[in-house]
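Input: a single structure, listed below in structure tokens.
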Amino acid sequence: MQQVEHLHLQHVVQTVCVLEGVILRSFGPDGGQVLFTRDTGQLMLSRSGKHILTSLQLDHPLARTVVECVWKHSAVTGDGSKTFILLLASLLRGIQTAASKGSIASARHTAEELLAFGLDELVEVIRVGVVPHAAALSLESGWERRDPEAPPHSDAHADACPVRRLLATFFYTRLGRTHSQLVSRLTRDLISLWSRPADPPSLPLRFVERNFAALHTPVCGFPAGGSRLVEGQVIHRDFATWPRPPQPAARPIRAVALVGAGGSLQPSVRSDGAVLRVGGPGGVPGAEVDPEGGVLKYSAWAEGALAGAMGGLRGLGVTLLLSAGKQSEAALAAARRAGVSVVECVDEEELALFAQLSGARPAAECGRVGREHVAQLTFCKPIVLGAHRYVHVAFPAARPHSLVLCGAGEGQVEQGARAVRDALRMLLAMWEPWQRATGDEHDASRRASSRPRTPRRPCAETGSDGDAPSREGALDSRGVLPAGGEFEFLLHRALIGRGQARPAAAAPGGESGVPALCQLLADALLSVPRHIYSQGPRHFLQAQRLSLVRSAALCSGLQRGGSGSGGDGGGGGGLRVSLAAGEQSRGASDAGLESVFCKYQLILAVLQCLCSVLRADTVLHVRKTSRASPQHAGDDDDDDDER
Amino acid sequence: MSRLTKKLPALCTDLPLENADICQKLNVFKQLLTSCFGPNGKLKQVHNNIGGHSVTTSTSQVLLQSVAPSHPLLKFIAASVLNHVCRFSDCGLFAAILCFALIDQAKLSGLRRNVSISINRYLLDICTAYLHHDGCGCKVKLDFSTSKNLITLARSVISSKPACMLTEQEALHISMLAVQAFLLTVPCDTPGNVSLGSTLTVSVEGPPIAQSAVFPGLMVEIPDHFKLCNKHNFQSHPTKMVLFSVSLSGDLFEMDEGTVEVYHGADIESQIVDQLLVLGQCVVKDRVKLFVCQKVIHPVLQQYLNQHDVVVMERLGAALVEPLAELTGSQPLATLVTTIPPEAYGLARGLNVKHFGSKRMLHLEAPGEAVISTMVLCHRNQTMLSELKVVVQKAEHVLRLTLREPSALLGGGCTETHLAAYIRYEGINKAAEATSSLGCSPTEYLLGAEAFARSLESVARALEHDGGTPMVDLTHGHHWTVPVDETQALETKPPPRCGCGVVRSSSVERWTFLSTKYAEFSPAALPGDCAASQPCVLDCFAAKMNALQIAVETANLLQDIRYIIQDGN
């Protein structure tokens, strides 16, 4: 039987408010962690909204739509999932109060207008009202003076670097206050150590983000303060053979990486379908007939081939062999005799990274190793990290560094690793917004429209999506503002100002014009800082007042500075002024930074989600019929079993 | 094809630490661990419901591995403690008890969670800085020129595990063995980077503990029919030996996948046995006197070798191959076809058979200096023996850790009370600085410092299980225990020594009960004459340091958890 559930605005608001209730536990400076147990029994800690929402395993289709929207958004920017829910909830509440008799139709109308406003005019509002207060962040300025060999700055000293402060704010919301400084310093140093002056700044970011699995090592059982960077690459396997006595460290070490199925040292003729004949013709195909020694002959031949392969390696001076596959016992013994260290079962990704860093091509077959496959290493030694012993290598040409993340338990370490990866993603979204963000946004909207319960999107929107980049391009993706609700305060004022400036703007047929929309959005925005300063209304008002003071100071500063200074210089001045004011109010913000562009994207994503949530009016609970797909015979059995 | 089933919604708990039911669970677990703590700790017997063998223990490692807590919060603590113990072997219970105490005290203090977390973190930094400081009053520099402190350190580990059921004499014997084994793993004449050797442990059930001993080299268990022929003088001359890591049983040797066609009338076994005999001839020709194989040796080959006075040892096991190869300098051979390269042969010395209870063992020594030794542990029954084995391994690990950080902390609860006194004193001194950097009020800070100090003291208090009264002196801040029947006579007859045995009662003027309020004082470091007296309980510095940090970090995280989501699928 089909169950029909008519959706009212009230239901939608309720559902989102429940999600908000969960999220609020870990929102803002006073928020805490959420502990999960997975279905495998594994423990996991998180403060990331995306994770919390997905682990809830929600049942309600509306809630699932919302979670999916959050998921899509944070896959792009790596951040903002908690604020997403907060904004959505307070927008819905605002719409509910405004909508007459709680009718979902008028709410839907408002939502669509909001979205249109967001797509058409928001960027302009932000450009006028918010961007002058923001400073452009540059990766280069953050670490131009960093010397890889220099001892790490003390946490207080390095505070001046803007990237570091941006990261610190991010990690504050992800890991909590105590570790945010350390992890942000490590992340910043990691990126700066990977970047070379000639490269565009997004290159090291993308590289580290892609290879992050190979570039970090989780270590359990130590306090988080033990996290550090180590030079070189850590290969997450132990030596299968390690020559005794250890090689002298002075001479350069030559290494070869073996990948693929042919990477076994043990020669195997028979894998090509050849047959070993015992007691018949000779062991090796094509050999002379030998009725007695078939087996022995074969193994003698195999051993000879093995020795030959080893000899080839020795001839090239190779002392380290990294193999993607497992090596046979005989091969290991031969390697041991030849003084070659072998590391087996190395992850393919790590081998790819190794090849990239060393500049040598990985060899596909042991018998055909040439000069071009041999990599030079400065050292190769065992490194003990926690319970495991790994292989630690370094290269003369590149100076790569790997991140060692420590924590008391698996949950903590995993949380740290996830947070660092999301931080990289966030920085990437700021540096190369167009390669990633637009593509994903289109993707998201396409997928959202293909969802069964959401009606088709109107053409107007898809059209406006198309030319979004040009308009969004007006926003500098690297603008940053002090954290702690500054963006929301500024945009709130800008929106109110916008609404007042255009009172006569005709409402295009609808009941709510631009001023009402601005008011609605502006009020909803304030709920974010209200939750940040959740200790009491006094803090909130104080923060709001300070923000006002800052922008007033900026305006006067701009006037004094004359009209000559362009947008960029004015932005820098604005940041200086606002940071000076920020120093006075070292409250929850700790003078961290957040990205204007990410916030803008967040608001757009929320508005889109709002529309898609409000468009549905009925939930149909459908039971899957047993003969839905006759071409899959297996399905039938399953369904029968379920009954 | 996996079946598609509907996922159950997750089970959520809001604000778990304010939930009475969860608090009750935490409390039970805390009592369970607290009652195991220290040399007078109570033992726990763990049975499972399907009748496996029962475990008697008081060590955190064994206990937490066998008792799997069900609640996620408890699992979380247990995982942190276990991870710590895996790295440092010691101070697991200390970490667990301190963690629970911190959570309890934070709740009692009524501070906001964020404030309490940042204060704990701040005080932890003060503690670690103090402990690393040279003038620290509860740290002892280890002197490697004498084994006294090393033995004390080992004995503290061993005697704090009562499930071994050792008398004082026996504990001392085992501690001395542990130190001896540790010293044997340190190479004497290797310049440059030193790599430590290893100690293998063999446990023998039955003989008295006093028969336990440490031998340089390897002890390999041998079957009853094994005989050493007396023709050779194994004692004086090094013996040439060969080691195989491949099976010599005559089966078709390791081959990768592929088809094998066996023709009618082909006798593979005889082919291989012939080859084995060729191998035997080669070995005999090369004057090998000891033939060892990791796996099984074909009887024909055994017979042949025996006839030629070669000692044959089969089924060595994978675990012993690596140490044996290292000990004798041989290279394990994985093939049986080619001639054996001369560098693959090794040398062994001093072959002889030793008897331990029902077991017979072949003793092999290295030709020169080797850093491999074997410890034979004897005990009366299996349960105690398995606990003893764990404990001795812990002691050895602790001794190794001293190489990285050559100091130790005073045991017997003295470090904890001393640190607590220091925190109280330093708390007053640094109040202004701390409140400005933490952004909290002075009252909050003082409350937090008091909670932290009390948590430390409650660890010292957990050492006492028999109703004695814990005291603290107001000069050095050391921990004293007054037995239950003497509490009344405290004024007239104080206990002779403090918990760690460094401070005598004659050098102290005032005591107070632990966890009563006392006027802050700067806990004095030990005066010269006191330092001359040997501490009788020492804790591993690295382990305790890590445990302290892990405990505070875990407690902080636990307080920070606002929500629990359990996936019930």
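The listed protein sequences derive, respectively, from chains A and B. The numbering used here numbers the first residue of the first sequence as 668 and each following residue consecutively. The numbering used here numbers the first residue of the second sequence as 151 and each following residue consecutively. Using N, Cα and C, we set each Cβ at its ideal position, and we do this for glycine too.
At a Cβ threshold of 8 Å, is residue i touching chain B?
i	result
L729 of chain A	no
E1081 of chain A	no
A802 of chain A	no
Q724 of chain A	yes
L1044 of chain A	no
Assuming residue i and residue j are in contact, meaning their beta carbons sit under 8 Å apart, how far apart are those beta carbons, in whole angstroms?
i	j	result
G649 of chain B	T631 of chain B	7 Å
L512 of chain B	L398 of chain B	19 Å between Cβ atoms; not a contact.
R852 of chain A	R831 of chain A	6 Å
F1046 of chain A	A1061 of chain A	5 Å
S605 of chain B	A360 of chain B	The Cβ separation is near 42 Å, so there is no contact.
V798 of chain A	V1263 of chain A	7 Å
Y572 of chain B	T585 of chain B	With 8 Å as the limit, Y572 of chain B and T585 of chain B do not qualify as a contact, their Cβ atoms being about 19 Å apart.
Give me the Cα-Cα distance between residue i and residue j, rounded to the nearest whole angstrom.
i	j	result
G496 of chain B	A520 of chain B	13 Å
K175 of chain B	S268 of chain B	26 Å
G287 of chain B	S325 of chain B	26 Å
W738 of chain A	L1192 of chain A	21 Å
L857 of chain A	R844 of chain A	21 Å
T908 of chain A	L702 of chain A	41 Å
S741 of chain A	R1085 of chain A	13 Å
L303 of chain B	D293 of chain B	12 Å
D164 of chain B	E576 of chain B	37 Å
P1204 of chain A	I690 of chain A	20 Å
G507 of chain B	H529 of chain B	10 Å
L1274 of chain A	T854 of chain A	32 Å
P645 of chain B	Q255 of chain B	29 Å
A160 of chain B	D706 of chain A	10 Å
C277 of chain B	A1283 of chain A	59 Å
A1031 of chain A	H203 of chain B	51 Å
DSSP three-state label for residue i, please.
i	result
V683 of chain A	helix
W1098 of chain A	helix
P661 of chain B	The displayed chain sequence assigns Trp, not Pro, to residue 661 of chain B. Correct three-state label for W661 of chain B: strand.
H1159 of chain A	helix
M391 of chain B	strand
A484 of chain B	coil
C828 of chain A	coil
H1206 of chain A	helix
How would you write the range of the beta strand (DSSP E) that residue i sits in, first residue to last?
i	result
A1283 of chain A	First-last for A1283 of chain A: undefined, no H or E at that position.
E168 of chain B	Unbroken run through E168 of chain B: none, as it is neither H nor E.
C590 of chain B	From DSSP, C590 of chain B is part of no beta strand (DSSP E); its letter is neither H nor E.
Counting contacts by CB-CB distance shorter than 8 Å, is residue i in contact with chain A?
i	result
H448 of chain B	no
I711 of chain B	yes
A484 of chain B	yes
H282 of chain B	no
L158 of chain B	yes
D689 of chain B	no
V720 of chain B	No answer is possible for residue 720 of chain B: it lies beyond the span of chain B, which begins at 151 and ends at 719.
N264 of chain B	yes
D720 of chain B	Look at the range of chain B in this structure, 151 to 719, and you will see that residue 720 of chain B is not part of it.
I714 of chain B	yes
Would you give the residue range spanned by the alpha helix (DSSP H) that residue i belongs to?
i	result
S420 of chain B	I418 to K435
I372 of chain B	It is not in any alpha helix (DSSP H) - I372 of chain B carries neither H nor E in the DSSP assignment.
W738 of chain A	P728 to T744
G242 of chain B	G242 to S259
M695 of chain B	F691 to D710
Q763 of chain A	S748 to A765
Note down, in chain order, all residues in the stretch 882–905 of chain A with a beta-carbon under 8 Å from any beta-carbon belonging to chain E. No chain E appears in this structure, whose protein chains are A and B.
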